[in-house]
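As you go down the protein sequences, you meet chains R and S in turn.
Take 1 as the starting number for the first sequence in the UniProt record's numbering and just add one per residue.
Take 1 as the starting number for the second sequence in the UniProt record's numbering and just add one per residue.
Protein chains: 2
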Amino acid sequence: MVSWLKNSGKDRDVVVSSRVRLARNLSNYNFPTKMTSVDMDEVYKDVVAALGNGGFTSFRISDIPYLEKIMLVEKHVISPALIEKNESGFSMTEDETATVMINEEDHIRIQVLDSGLSLENTWKRADELDNLLEEKVEYAYDEKVGYLTACPTNLGTGMRASVMIHLPALELTRQVNKVLSPVAQFGLAVRGVYGEGTKAMGSLYQISNQITMGDREETIIRKIENIAGQISEKERMARKYLLENDRTNYEDRIFRAYGILKNARKISHEEAAKLLSYVKLGIDAEIIKNNDINELDKLFIEIQPASIQFIERKEMDTNERDIKRAEILRDEIK
Amino acid sequence: MVSWLKNSGKDRDVVVSSRVRLARNLSNYNFPTKMTSVDMDEVYKDVVAALGNGGFTSFRISDIPYLEKIMLVEKHVISPALIEKNESGFSMTEDETATVMINEEDHIRIQVLDSGLSLENTWKRADELDNLLEEKVEYAYDEKVGYLTACPTNLGTGMRASVMIHLPALELTRQVNKVLSPVAQFGLAVRGVYGEGTKAMGSLYQISNQITMGDREETIIRKIENIAGQISEKERMARKYLLENDRTNYEDRIFRAYGILKNARKISHEEAAKLLSYVKLGIDAEIIKNNDINELDKLFIEIQPASIQFIERKEMDTNERDIKRAEILRDEIK
Numbered sequence: 001m002v003s004w005l006k007n008s009g010k011d012r013d014v015v016v017s018s019r020v021r022l023a024r025n026l027s028n029y030n031f032p033t034k035m036t037s038v039d040m041d042e043v044y045k046d047v048v049a050a051l052g053n054g055g056f057t058s059f060r061i062s063d064i065p066y067l068e069k070i071m072l073v074e075k076h077v078i079s080p081a082l083i084e085k086n087e088s089g090f091s092m093t094e095d096e097t098a099t100v101m102i103n104e105e106d107h108i109r110i111q112v113l114d115s116g117l118s119l120e121n122t123w124k125r126a127d128e129l130d131n132l133l134e135e136k137v138e139y140a141y142d143e144k145v146g147y148l149t150a151c152p153t154n155l156g157t158g159m160r161a162s163v164m165i166h167l168p169a170l171e172l173t174r175q176v177n178k179v180l181s182p183v184a185q186f187g188l189a190v191r192g193v194y195g196e197g198t199k200a201m202g203s204l205y206q207i208s209n210q211i212t213m214g215d216r217e218e219t220i221i222r223k224i225e226n227i228a229g230q231i232s233e234k235e236r237m238a239r240k241y242l243l244e245n246d247r248t249n250y251e252d253r254i255f256r257a258y259g260i261l262k263n264a265r266k267i268s269h270e271e272a273a274k275l276l277s278y279v280k281l282g283i284d285a286e287i288i289k290n291n292d293i294n295e296l297d298k299l300f301i302e303i304q305p306a307s308i309q310f311i312e313r314k315e316m317d318t319n320e321r322d323i324k325r326a327e328i329l330r331d332e333i334k
Numbered sequence: 001m002v003s004w005l006k007n008s009g010k011d012r013d014v015v016v017s018s019r020v021r022l023a024r025n026l027s028n029y030n031f032p033t034k035m036t037s038v039d040m041d042e043v044y045k046d047v048v049a050a051l052g053n054g055g056f057t058s059f060r061i062s063d064i065p066y067l068e069k070i071m072l073v074e075k076h077v078i079s080p081a082l083i084e085k086n087e088s089g090f091s092m093t094e095d096e097t098a099t100v101m102i103n104e105e106d107h108i109r110i111q112v113l114d115s116g117l118s119l120e121n122t123w124k125r126a127d128e129l130d131n132l133l134e135e136k137v138e139y140a141y142d143e144k145v146g147y148l149t150a151c152p153t154n155l156g157t158g159m160r161a162s163v164m165i166h167l168p169a170l171e172l173t174r175q176v177n178k179v180l181s182p183v184a185q186f187g188l189a190v191r192g193v194y195g196e197g198t199k200a201m202g203s204l205y206q207i208s209n210q211i212t213m214g215d216r217e218e219t220i221i222r223k224i225e226n227i228a229g230q231i232s233e234k235e236r237m238a239r240k241y242l243l244e245n246d247r248t249n250y251e252d253r254i255f256r257a258y259g260i261l262k263n264a265r266k267i268s269h270e271e272a273a274k275l276l277s278y279v280k281l282g283i284d285a286e287i288i289k290n291n292d293i294n295e296l297d298k299l300f301i302e303i304q305p306a307s308i309q310f311i312e313r314k315e316m317d318t319n320e321r322d323i324k325r326a327e328i329l330r331d332e333i334k
């Protein structure tokens, strides 16, 4: 189901994925907050035409069934804000690594996803897409400010670069706050997987730039790559420490998580994410065999509420989802 | 290790075991509390001689290594009080179903154990042993009171009959207090497995007679058998109810317990007993296959602290025991 996660990329043992998104607006239309439906339709057509048929398929949000829309959000292919408006749409590549969202908060949101610590590469692809579009449409741009955006927090580069990192050992050794708090000094923010205000489910954290003005894109990218690399190293040291100094408890935690996931008949999203996190740690430490870290990372995404309902092609209540989730986990974990 | 538990007996799905013990004293000696070591030695010799070689092997407590003594207590073959005195001893059959404890609280404590609801049978065997001894020694007996004992709570018949019953479904449906409290009206007491004041570990309860005077042995036995039979029926109804009305949660609880026991690397006695209790329920409901209820009941006994140390032939701290216990459980559960 999740096609963009690959078993490759730098620091893949800690960094699950990298993402770059660029906010852009067309100069000849009002910002989406002040637009008519007719103008939104024009923007959609302009952007789709600009992309041409370079491997992109385009969809209007109003044409996509409810569950599929949420599932795409859960897969990080589109944003939660995009599906709130019927006039919005998006174009995406078949492997879902690149998406151009249309009429989200801004006219255009270019997004590129990749596995592992791969911001330079994702930035390069996003930049190419940006150039492709810029050849066909005129962006709202100010010589002094940079790209103009609906929300001032995106002004300038319009870029938000982020990495999703898995920090179970830093959590277990109670170092996670100590390690993550200095990140703010560098103008970076730490969030849960589901964005601002959400907690870190399954020990997954998102680190992204707060500031979009002042620095060049390459500088921001390099800063996040550096810091993510340092945090990965600290997570690795914590894993090594636990393995060497507290092996029995470490193995116990991992195997119990494995035993529950292989046997439960009903499991909540939160518990499943927590247990998957330990199994992932076990795979990394080669304590759990016959499982692929990439398949496990996909499970984190596939056990989310809409994704489960999408598999079953029907709406399900919490209880039904918890039962189906347990079934998927029993089947998928080897 | 535990030889007296068999996969047979009435109401074996709920009643783990039945036990009858008779307190007796010799008329020509003071009670053990007021005895000299020399007299204790005489009593030991008298009783062993009286038993002859009718399948009994006799041991002085002082000759038995520390861990083995506690293990015999954990197996319910001898009582905790017996091992506190160096002058005490016991004779037991090879299958450990019958024990004669010597110089415990009373000169003689005859005990017979059996699987399932089998009090009539255990009483019959205890009575035969009692008659055998009475042919050779003179009991302290009063025409009006009955058998004289060190503690007045045993006066009369000197008999304590008890059954160990497994009530997980009554616990899960929160009916256990409602079902067990009327038992007191019939002069019966409910206790945890480890006797008075202990809690019901692994949903195991012990029901025994409080009163040893007034009624004949057969009357007491029949009363306990009746009540244990009724409680078993209620437990069965609760199991059926859960299976029919709450199957997913029921299976989830059972399989999670199974998954943890099959995977944990470290487990406390209390947690292990609780999880074994659910697996036992799963075997009874044929949800867990390939496991024998008898082997599982033996595990309840074999995972106790001294039994674990006895297997390893060395003293172990709590942490070492918890690791060894997890290993035994992973190996023994199929």
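Note that beta-carbon positions come from the ideal geometry of N, C-alpha and C, so glycine has one too.
Being a predicted model, the structure only gives us computed values, none of them experimental.
9 Å Cβ cut-off: residues of chain R touching residue i
i        : result
Gly259/S : Arg256, Tyr258, Gly259, Ile260, Leu261, Lys262, Asn263 and Ala264
8 Å Cβ cutoff, residue i in contact with chain R
i        : result
Asp284/S : no
Glu251/S : yes
Chain S within 8 Å of residue i, Cβ atoms only
i        : result
Ile323/R : yes
Residue i: contacting residues in chain R (beta-carbon distance under 7 Å)
i        : result
Thr248/S : Arg265, Lys266 and Ile323
Best match in the options for proximity to residue i [C-alpha to C-alpha]
i             : options                                   : result
Glu225/R      : Thr97/R, Asp317/R, Tyr141/R and Val163/R  : Val163/R
Ile288/R      : Pro305/R, Asn53/R and Ile333/R            : Ile333/R
Thr219/S      : Glu327/S, Asp322/S, Leu167/S and Ala161/S : Ala161/S
Thr33/S       : Pro65/S, Ser88/S and Ala169/S             : Ser88/S
residue 335/S : Gly54/S, Asp46/S, Asn249/S and Gln210/S   : No answer is possible for residue 335/S: it lies beyond the span of chain S, which begins at 1 and ends at 334.
Val48/S       : Glu134/S, Ile83/S and Leu119/S            : Glu134/S
Ser3/S        : Ser91/S, Val14/S and Thr97/S              : Thr97/S
Val179/S      : Ile83/S, Ser58/S and Ile207/S             : Ile207/S
Leu188/S      : Met201/S, His166/S, Arg222/S and Arg174/S : Arg222/S
Gly158/S      : Arg325/S, Arg216/S, Phe300/S and Lys6/S   : Arg216/S
Asn86/S       : Asn249/S, Val77/S, Met101/S and Thr93/S   : Met101/S
Asp252/S      : Lys262/R, Ala126/R and Gly52/R            : Lys262/R
Leu204/R      : Ile211/R, Gly214/R and Ile231/R           : Ile231/R
Gly192/R      : Asn294/R, Ile165/R and Phe56/R            : Ile165/R
Cys151/R      : Lys6/R, Phe31/R, Ala228/R and Gly202/R    : Phe31/R
Ala81/R       : Thr93/R, Ser58/R and Glu105/R             : Glu105/R
Arg325/R      : Ala272/R, Asn131/R, Phe59/R and Glu235/R  : Ala272/R
According to DSSP, residues forming a beta bridge with residue i
i        : result
Lys10/R  : Leu117/R
His166/R : Leu204/R
Asp142/R : Gly146/R
Arg216/R : Per DSSP, none; premise fails for Arg216/R.
Arg21/R  : Gln111/R and Arg160/R
Ala98/R  : Val112/R
Gly89/S  : Arg60/S and Ile102/S
Ala189/R : Ser208/R
Val15/R  : Ile165/R
Touch test, the stretch 182-189 of chain S against the stretch 144-151 of chain S, Cβ-Cβ under 8 Å, three pairs minimum: As far as the Cβ criterion goes, the stretch 182-189 of chain S does not touch the stretch 144-151 of chain S, which means the pair count is below three.
Pairing CB atoms from the stretch 233-242 of chain R with CB atoms from the stretch 22-31 of chain R, are three or more of them under 8 Å? Note that the stretch 233-242 of chain R does not touch the stretch 22-31 of chain R; fewer than 3 beta-carbon pairs, one per stretch, sit closer than 8 Å.
Please confirm if the stretch 306-319 of chain S is in contact with the stretch 275-290 of chain S, defined as three or more CB-CB distances below 8 Å between the two stretches. Short answer: they don't touch.
Does the stretch 107-118 of chain R come within contact of the stretch 59-73 of chain R, defined as at least 3 CB pairs closer than 8 Å? Flag = no, the stretch 107-118 of chain R and the stretch 59-73 of chain R do not touch.
Any contact between the stretch 316-323 of chain R and the stretch 255-268 of chain S? By contact I mean 3 or more CB pairs, one from each, below 8 Å. Taking a cut-off of 8 Å for Cβ pairs, the stretch 316-323 of chain R and the stretch 255-268 of chain S do not touch, as fewer than three such pairs fall below it.
Should the stretch 170-177 of chain S be called in touch with the stretch 37-50 of chain S, which here means at least 3 C-beta pairs below 8 Å? At 8 Å Cβ cutoff, the stretches do not touch.
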